[in-house]
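Q: Shown below is the structure under consideration.
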Amino acid sequence: MKDFSTYIKESHLNCRNLFNMNPEETPSLKTFLTKEELLSRQQLYSKVLKEAKHFMRKLIQNVNGVPILVVTTDDEGYLLDIYGDQTIKGMVDKLGITVGASFNEKDAGTNAVSLALKHGEPVEVIGDDHFHYCLSETACYSAPFSYAEDGMLAGTISIMSTIEHASPFHLGMLISVVDTIEREIQLQQKNHKLDLLNQFIISSTPLGVVMTEKDGSFLEFNAGAEEITGVHKDQILAGETERIKEVFEYITYVLESGSKVENVEITFPVNQSNRQKLCLLDVFPLYDEDQMIGTFAQFRDLTSYHELQQQVIQSEKLSAIGKLGTGLAHEIRNPLTSIIGLTQLLKENNNQNKYLEVITAELERMKSLVNQFVSLGKPVKVNRENCDVCELVHNTVELMTSDARLHNCKIYFESCVSYCNLKIDESQMKQVLINFIKNAFEAMPDGGRIDIKLYSNPEQNKFHIDISDEGEGMTQEEIEHIGTPFFTTKQSGLGMGLPVCFDIIKSHQGKIEIDSKKGYGTTIQVILPINHLKEIDVLEKSF
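Residues 1 to 543 in UniProt numbering are what the sequence shown spells out, letter by letter.
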């Protein structure tokens with residue numbers, strides 16, 4: 001235990017020589033705050049007073065049977081709060097030790113509060129350590145506290161008891177409680193700052209931000225969300241979710257599955273018009289350690305970007321129309337020349353069947369070219385419905401089996417998942433698969449092997465469809481141009497099939513990656529976001 005005798009002796013000398021005190025007299029406090037000044041300081045120290053009373057009352061309960069009076073002061077020694085044992089309180093009231101009084105050495109003599117403030121450390125003044133004899137039956141303990149980042153003293157918390165209950169453990173208990181109070185207030189201050197920062201970020205961001213509890217009840221619906229949806233926060237907090245039904249469905253999915261949802265396209269109606277706002281939604285589960293406590297959702301308005309993108313696309317199509325017209329005219333001119341020549345021969349030759357077959361084939365070719373041209377010019381419209389992609393791919397592979405035999409190719413199918421439910425346009429996805437499989441046939445004119453593999457990447461929440469062939473492959477330059485309208489590596493065709501495929505996958509928030517090397521074949525990866533899937537042992541089939 002620290003020896004406080006030096007502090008006590010120095011204080012006694014001050015009382016005797018500097019303040020001309022008489023130890024036989026009863027001290028009285030003479031300096032007081034006005035009522036307004038007291039209320040102002042109590043307001044300033046409100047958090048300290050609240051936390052001090054909470055923890056000090058627990059200390060009083062833990063030392064049941066020991067009379068204790070608790071005193072809290074500011075950094076100048078003014079008493080801001082007094083509570084505890086009423087007998088001791090009655091005694092100190094007679095000395096003028098009341099709320100608003102200045103507890104200083106000049107008026108009160110040697111005391112724990114003044115010494116703790118002066119030396120900046122906990123102090124005990126027991127019995128005859130007091131200068132005045134009337135206080136020799138008391139034991140006082142005081143600990144300074146500070147909760148500011150600069151460490152400046154903010155005040156003291158002190159306890160007074162009778163000398164028969166004096167104990168060296170009392171100062172240790174007081175120090176421990178004051179340390180707890182300091183840490184609690186510092187934590188509250190940090191939380192308050194973080195709360196202010198979070199509120200500023202949430203209120204100032206143009207993104208729509210929604211937060212929910214684990215049971216789905218709403219905690220936050222910021223100004224950005226109100227602006228985008230046209231729904232007021234009070235309506236959402238009251239449970240009116242009909243106008244944000246799509247957002248709420250994804251929040252419910254995340255709460256039930258624990259999986260995040262990213263980059264999902266959703267729409268909100270614009271007032272009473274037929275227009276809609278296009279937004280991109282992310283929903284993440286919130287965890288406290290290992291326990292889910294709710295969700296955080298954000299959505300950003302992409303309407304202006306989407307409209308601008310459509311304008312750019314339209315502009316690019318208009319600029320490409322000249323090239324398209326030239327290419328299409330050239331491709332159509334060839335079968336027309338053949339048809340015109342054959343019709344001349346029909347007039348001269350009665351054996352017409354073989355010419356009619358050629359005419360029909362050339363007309364079908366022209367029809368195909370025109371259909372591709374029309375498809376490229378139309379925007380991709382997606383009619384999404386829940387679909388098992390594993391079954392879709394399997395059925396498409398079976399459908400292409402006869403074509404594979406005609407091209408002397410064999411398709412090997414491998415799946416690591418038995419079920420994967422995605423919200424897609426089944427017809428468009430089948431069109432993409434057929435296009436890539438046909439390209440694989442054409443890449444191997446002498447026949448070969450095509451591998452189709454399905455697997456998932458749960459960490460990235462992605463589902464993969466890989467289509468590999470043993471064809472000639474492509475150079476890096478050719479890969480970079482794949483998907484560009486009118487670019488093709490084939491001897492015939494206009495390069496309009498793959499751009500449509502890329503647009504379809506993009507409209508499903510997916511992407512297409514190509515791995516190819518000249519002379520070593522090509523692998524096409526179709527990557528889609530996952531909703532629900534079921535892992536199984538590897539399923540292999542050949543067709």
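Even glycine gets a Cβ: it sits at the ideal position worked out from N, Cα and C.
Assign residue 124 to buried or exposed, taking buried as 16 or more other Cβ atoms, counted over all protein chains shown, within 10 Å of its Cβ.
A: buried
Q: Going by DSSP in three states, residue 282 sits in which element: helix, strand or coil?
A: strand
Q: Quick one: using the 10 Å Cβ neighbour count with 16 as the cut-off for buried, is residue 156 buried or exposed?
A: buried
Q: Going by beta-carbon coordinates alone, are residue 526 and residue 514 separated by less than 8 Å?
A: no
Q: Whether or not the stretch 472-480 and the stretch 399-419 are in contact is what I'm after, with contact meaning three or more pairs of Cβ atoms, one per stretch, closer than 8 Å; do they touch?
A: no
Q: Measure the Cβ-Cβ separation of residue 392 and residue 416 and say whether it is below 8 Å.
A: Their beta carbons are not under 8 Å apart, which means residue 392 does not touch residue 416 by this criterion.
Q: Identify the continuous alpha helix (DSSP H) that holds residue 55 and give its terminal residues.
A: 46-62
Q: From this set, 506, 530 and 469, which residue's C-alpha is nearest residue 524's C-alpha?
A: 469
Q: Report the residue from 424, 400 and 410 whose alpha carbon sits nearest the alpha carbon of residue 579.
A: The question about residue 579 has no answer, for the chain in this structure spans 1 to 543.
Q: So is residue 305 buried or exposed if we call it buried at 16+ other beta carbons inside 10 Å?
A: exposed
Q: So the candidates are 439, 41, 27 and 32; which of them puts its Cα closest to the Cα of residue 136?
A: 27
Q: Under the rule that 16 or more other beta-carbon atoms within 10 Å means buried, what is residue 544, buried or exposed?
A: Residue 544 falls outside the range modelled here, since the chain spans only 1 to 543, and no answer is possible.
Q: Determine, using beta carbons only, whether residue 146 and residue 113 come nearer to each other than 8 Å.
A: no
Q: Thinking C-alpha only, which one of 82, 130, 298 and 246 is nearest residue 551?
A: Past the boundaries of the shown model lies residue 551; the chain is included only from 1 to 543, so the question cannot be answered.
Q: Ends of the alpha helix (DSSP H) at residue 297?
A: Looking at the DSSP string, residue 297 is not in any alpha helix (DSSP H); the run it does join, the beta strand (DSSP E), is 291-301.
Q: In its own chain, which residues sit with a C-beta less than 7 Å from the C-beta of residue 12, not counting the 5 before and 5 after it?
A: 110 and 131
Q: Look up residue 222 in the DSSP assignment and say whether it is helix, strand or coil.
A: coil
Q: Would the stretch 72-91 count as touching the stretch 42-61 if we require 3 or more Cβ pairs under 8 Å?
A: yes
Q: Which stretch, first to last residue, makes up the beta strand (DSSP E) that contains residue 515?
A: 511-516
Q: Have a look at residue 538 and residue 414 and give me their C-alpha separation to the nearest angstrom.
A: In this prediction, residue 538 scores a pLDDT of 47, lower than 50, which makes its location untrustworthy; no coordinate-derived value is stated.
Q: State buried or exposed for residue 287, treating a residue as buried only when at least 16 other CB atoms are found within 10 Å of its CB.
A: exposed
Q: Going by CA-CA distance only, name the one from 451, 31 and 508 that's closest to residue 383.
A: Closest by alpha carbon: 508.
Q: Heavy atom of the ligand SAH less than 7 Å from the Cβ of residue 500, yes or no?
A: Absent from the structure shown: the ligand SAH. Ligands present: none.
Q: Please classify residue 148 as buried or exposed, where buried requires at least 16 other C-beta atoms within 10 Å of its C-beta.
A: exposed
Q: Taking the runs of the beta strand (DSSP E) that are 3 residues or longer, which of them lie wholly in the stretch 139-179?
A: 155-162
Q: Where does residue 276 sit, in a helix, a strand or coil, going by DSSP?
A: The answer is strand: DSSP assigns residue 276 an E or B state.
Q: Does residue 191 come out as helix, strand or coil in the three-state DSSP assignment?
A: helix
Q: Suppose you measure from the CA of residue 226 to the CA of residue 198; what does that come to, to the nearest Å?
A: Residue 226 and residue 198: Cα-Cα distance of roughly 18 Å.
Q: Are the C-beta of residue 226 and some C-beta of chain D separated by less than 8 Å?
A: Considering every chain present, this structure includes no chain D. It has just one protein chain.
Q: Quick check on this structure: which residue in 101, 429 and 397 has the alpha carbon closest to the alpha carbon of residue 450?
A: With distances taken between Cα atoms, residue 450 lies closest to 397.
Q: Which residue comes first and which comes last in the alpha helix (DSSP H) that contains residue 12?
A: Annotation for residue 12: the continuous alpha helix (DSSP H) segment containing it runs 5-13.
Q: Helix, strand or coil for residue 462? Go by DSSP, reduced to three states.
A: The DSSP-derived three-state label of residue 462 is strand.
Q: Do residue 267 and residue 284 count as a contact pair if the criterion is CB distance below 8 Å?
A: no
Q: Pairs of beta-carbons, one from the stretch 29-38 and one from the stretch 92-105, closer than 8 Å: are there three or more?
A: yes
Q: Judging by CA-CA distance, which residue of 504, 518 and 530 is the nearest neighbour of residue 464?
A: 530
Q: Rounded to whole angstroms, what's the CA-CA distance from residue 435 to residue 399? Just pull it up for me.
A: 13 Å
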